[in-house]
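Going line by line, the protein sequences match chains A and B. The first sequence begins at 1 in this note's numbering and counts up by one. The second sequence begins at 1001 in this note's numbering and counts up by one. Think of the CB as a built atom: it goes at the ideal place given N, C-alpha and C, for glycine as much as any other residue. Heads up: the structure comes next, in structure tokens.
Protein chains: 2
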Amino acid sequence: MIIVRKAMPGDGDALLKTTRALAAFQGYENAVKASAADLENALFCKDPIIGALIAEEQGAPVGAVVWHRSFSTNAGKEVMYLEDISVLPAFKRKGVGKALMQATARVALERGYDAIFWMVLPWNDVAKKLYADCGAEFETPHDICRIKGDALRRLAQ
Amino acid sequence: MIIVRKAMPGDGDALLKTTRALAAFQGYENAVKASAADLENALFCKDPIIGALIAEEQGAPVGAVVWHRSFSTNAGKEVMYLEDISVLPAFKRKGVGKALMQATARVALERGYDAIFWMVLPWNDVAKKLYADCGAEFETPHDICRIKGDALRRLAQ
């Protein structure tokens, strides 16, 4: 029996666990620098730009979605972006991902959004099948560009 | 002589023009439903999540960047996402894109971000060369998934 609920203060450790599980699955676990407090501070500050849903089985966290407010210049309004959709390895293929996506759709409608979007690694066929089952359309793959740290400071000079 | 400045009230039409130019270049001009007022409302509301920079030549807009606040669960903090990086067709290859990227990097540092990220279409070699010149790293291409409208409402049921 899977329950999905909105994250509450105290859920930082559970969210860090699901973030780390997703990073490990995608091969960049060492990139996770966040602390549980970082995640709670962002979730429970005044006017947060992020939100999170936690899936539980018998009271234990088994997966999570972390979303953030995004903006589409084409639509001229806010849309919801899914930053993390994570199911702990031992709980995969039990419907947790679907339950999370359904609950996320409810939050999106509650907030007046009419679209949610996210990225998926091209080789992740299990996830892509889930998303297709949820009604997702797949758009042209894009490259992701990032400028950070010293490169960002050099560019700004 | 290219000047890049932050968007101000009254710049909605200029931003809509650059948004439309980018959409036309990428082949989805019909997807632009935003109005100039939508863009200004989002930019100049209380606690906006978006910002914009406008490049001008002799006082006329020739390009723009629209960015929004994003959140990295890996970093545990906000980062800057570039939604649109657009140069009007007649002003391409004159350094406008580079000037916009430099000004964007300054805004990112001003706001305490240490990373900016965005997506680029894999075939857009001119843009990719500019981004590489700016110090960007290119990450694994991702598929983009979107659930909207009726599909979103069905999923929420």
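Quick check on residue i: buried or exposed, where buried means 16 or more other Cβ atoms within 10 Å of its Cβ?
i                 : result
Ile1085 (chain B) : buried
Asn1030 (chain B) : exposed
Ser1035 (chain B) : exposed
Gly76 (chain A)   : buried
Arg69 (chain A)   : buried
Ala4 (chain A)    : As written in the sequence, residue 4 (chain A) is Val, which differs from the Ala given in the question. Result: buried.
Asp1150 (chain B) : exposed
Met101 (chain A)  : buried
Glu139 (chain A)  : exposed
Gly12 (chain A)   : buried
Glu78 (chain A)   : buried
Glu1083 (chain B) : buried
Asp1125 (chain B) : exposed
Tyr1028 (chain B) : exposed
Ala1037 (chain B) : exposed
How is the alpha helix (DSSP H) around residue i delimited, first residue to last?
i                 : result
Tyr131 (chain A)  : Asp125 to Asp133
Arg20 (chain A)   : Gly12 to Gln26
Ala1103 (chain B) : Val1096 to Glu1110
Per DSSP, which one or two residues make a beta bridge with residue i?
i                 : result
Ser1035 (chain B) : DSSP, once it has assigned bridges, lists no residue as partnering Ser1035 (chain B).
Phe138 (chain A)  : B:Cys1145
Met119 (chain A)  : B:Ile1144
How many angstroms separate the CA atom of residue i from the CA atom of residue j?
i                 : j                 : result
Pro61 (chain A)   : Ile1144 (chain B) : 27 Å
Asp47 (chain A)   : Gly135 (chain A)  : 30 Å
Thr1104 (chain B) : Leu16 (chain A)   : 30 Å
Arg1153 (chain B) : Phe44 (chain A)   : 27 Å
Val66 (chain A)   : Tyr1081 (chain B) : 16 Å
Asp133 (chain A)  : Leu53 (chain A)   : 20 Å
Ser1148 (chain B) : Val1032 (chain B) : Note that residue 1148 (chain B) is Lys in the sequence shown here, rather than Ser. Approximately 15 Å, taken between the alpha carbons.
Ala24 (chain A)   : Asn1074 (chain B) : 11 Å
Glu57 (chain A)   : Gly1063 (chain B) : 51 Å
Gln1026 (chain B) : Arg1020 (chain B) : 10 Å
Pro1009 (chain B) : Lys129 (chain A)  : 44 Å
Asn1041 (chain B) : Gly1051 (chain B) : 11 Å
Leu22 (chain A)   : Ala127 (chain A)  : 12 Å
Leu1039 (chain B) : Gly59 (chain A)   : 43 Å
Ser1072 (chain B) : Phe71 (chain A)   : 16 Å
Thr18 (chain A)   : Gln157 (chain A)  : 38 Å
Arg1106 (chain B) : Ala55 (chain A)   : 40 Å
Met1 (chain A)    : Asp1114 (chain B) : 41 Å
Phe117 (chain A)  : Arg1146 (chain B) : 4 Å
Leu155 (chain A)  : Tyr131 (chain A)  : 38 Å
Lys981 (chain B)  : Leu88 (chain A)   : Residue 981 (chain B) lies beyond the stretch modelled for chain B, which goes from 1001 to 1157, so this question has no answer here.
Pro1141 (chain B) : Ala1014 (chain B) : 31 Å
Ala1099 (chain B) : Glu1137 (chain B) : 19 Å
Starting from residue i and walking both ways along the beta strand (DSSP E), at which residues does that stretch end?
i               : result
Glu83 (chain A) : Lys77 to Val87
Ala55 (chain A) : Ile50 to Glu57
Gly63 (chain A) : Ala60 to Ser72
Lys6 (chain A)  : Ile2 to Lys6
*With a cut-off of 8 Å, do at least 3 Cβ pairs link the segment 1117 to 1126 of chain B to the segment 101 to 113 of chain A?*
no
*Inspect the CB distances between the segment 1077 to 1096 of chain B and the segment 93 to 106 of chain A and report whether three or more fall short of 8 Å.*
Contact annotation: the segment 1077 to 1096 of chain B does not touch the segment 93 to 106 of chain A, with fewer than three C-beta pairs closer than 8 Å.
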